[in-house]
Amino acid sequence: QSALTQPASVSGSPGQSITISCTGTSSDLAAYNYVSWYQQHPGKAPKFIIYDVTNRPSGVSDRFSGSKSGNTASLTISGLQPEDEADYYCSSYTAYSTLVFGGGTKLTVL
Amino acid sequence: DVQLLESGGDLVQPGGSLRLSCAASGFTFSNFAMTWVRQAPGRGLEWVSSISGRDAATSYADSVKGRFAISRDNSKNTFYLQMDSLRAEDTATYYCAKPKGNDFLGRGLDFWGQGTLVTVSS
Numbered sequence: 078q079s080a081l082t083q084p085a086s087v088s089g090s091p092g093q094s095i096t097i098s099c100t101g102t103s104s105d106l107a108a109y110n111y112v113s114w115y116q117q118h119p120g121k122a123p124k125f126i127i128y129d130v131t132n133r134p135s136g137v138s139d140r141f142s143g144s145k146s147g148n149t150a151s152l153t154i155s156g157l158q159p160e161d162e163a164d165y166y167c168s169s170y171t172a173y174s175t176l177v178f179g180g181g182t183k184l185t186v187l
Numbered sequence: 129d130v131q132l133l134e135s136g137g138d139l140v141q142p143g144g145s146l147r148l149s150c151a152a153s154g155f156t157f158s159n160f161a162m163t164w165v166r167q168a169p170g171r172g173l174e175w176v177s178s179i180s181g182r183d184a185a186t187s188y189a190d191s192v193k194g195r196f197a198i199s200r201d202n203s204k205n206t207f208y209l210q211m212d213s214l215r216a217e218d219t220a221t222y223y224c225a226k227p228k229g230n231d232f233l234g235r236g237l238d239f240w241g242q243g244t245l246v247t248v249s250s
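In the order they appear, the protein sequences are chains A and B.
Quick note on the working numbering: the first sequence kicks off at 78 and runs consecutively.
Quick note on the working numbering: the second sequence kicks off at 129 and runs consecutively.
Next comes the structure, spelled out in structure tokens:
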């Protein structure tokens, strides 16, 4: 099972919006609406920020939103804040009843 | 509150073995599939293995199949990862994680432990 494809890095200025893409295949992302996103700060465990493509867990800012079209999912962060600077990972359920992660995207807030 | 606490990480020689543990609390452990995810230094997340709560069915990433074994003890609210024939490329921080969706992985992993470091080196 190959990793989902994410851009290595994105950047934006405070207050701006950015979008991170996540591309999969017909065996994972395209087949199911089971996409999750995680935020990871250096030296910390990942934090769950989006599930079922578009849903936010309780306590996650509404500045984070998710979407999907075909075999590509996207995470949008609006109103960028300095504390949003982190690594972001997408994940999808697969046809093999397993999980697959993306390679990760480093977000820099300029 | 949900808590997951990993232990067992260590420095081990190539070809050696190690057993990781994850102690869980704050939820009905036996109802949930539990998962190990690893992260090599400076690299991304990699799903390693999961075990069902209902029937202890197991699944593994191709990279560890035949070398790692996941198990659980519902009476102790603990699950394990037995790692044999360890290789340098198994060096990583290993996280245990709980799924949002009970015995189903698809809805994501909503709680994670702090991680335990496994280093495979001579």
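Built from N, CA and C at the ideal position, the CB exists for glycine as well.
- Residue 244 (chain B) is bridged by DSSP to B:222.
- Scanning chain B for C-beta atoms nearer than 8 Å to the C-beta of residue 78 (chain A) yields 189 and 190, reported in chain order.
- By the rule that beta-carbons nearer than 8 Å mark a contact, residue 85 (chain A) does not touch chain B.
- For residue 147 (chain A), the CB contacts under 7 Å within the same chain, skipping 5 residues up- and downstream, are 107 in chain order.
- Taking 8 Å as the cut-off, the beta carbon of residue 214 (chain B) is found no closer than this to the beta carbon of residue 165 (chain B).
- Within the segment 163-176 of chain B, those residues whose Cβ lies closer than 9 Å to any Cβ of chain A are, in chain order, 163, 165, 167, 171, 172, 173, 174 and 175.
- Taking a contact as a CB-CB distance under 8 Å, the pair residue 232 (chain B) and residue 130 (chain B) does not count as one, their CB atoms being some 17 Å apart.
- Rounded to the nearest angstrom, the gap between the Cα atoms of residue 89 (chain A) and residue 185 (chain B) is 44 Å.
- In terms of Cβ geometry, residue 211 (chain B) and residue 201 (chain B) do not form a close pair [threshold 8 Å].
- With a threshold of 16 other beta carbon atoms within 10 Å, residue 150 (chain A) meets it and is buried.
- The beta carbon of residue 245 (chain B) sits no closer than 8 Å to any beta carbon of chain A.
- Neighbourhood of residue 125 (chain A) in chain B, by CB distance below 7 Å: 236, 237 and 238, in chain order.
- Beyond the five residues adjoining it in sequence on each side, residue 159 (chain A) comes within less than 8 Å, by CB distance, of 91 and 186 in the same chain, given in chain order.
- C-alpha of residue 159 (chain B) to C-alpha of residue 205 (chain B): approximately 11 Å in a straight line.
- Every beta strand (DSSP E) of 3 residues or more that sits fully in the segment 148-190 of chain B is shown, in chain order, as 162-167, 173-179 and 186-188.
- The three-state reading of DSSP puts residue 107 (chain A) in coil, since its state is none of H, G, I, E or B.
- The beta carbons of residue 122 (chain A) and residue 223 (chain B) sit about 6 Å from each other, so the pair counts as a contact at 8 Å.
- Taking the CA atoms as reference points, residue 209 (chain B) sits about 14 Å from residue 152 (chain B).
- Distance check between residue 246 (chain B) and each of B:234, B:150, B:161 and B:167 places B:167 closest, using alpha-carbon atoms only.
- The beta carbon of residue 127 (chain A) lies closer than 7 Å to those of 113, 114, 133, 141, 143 and 152 in the same chain, with the five residues before and after it left out.
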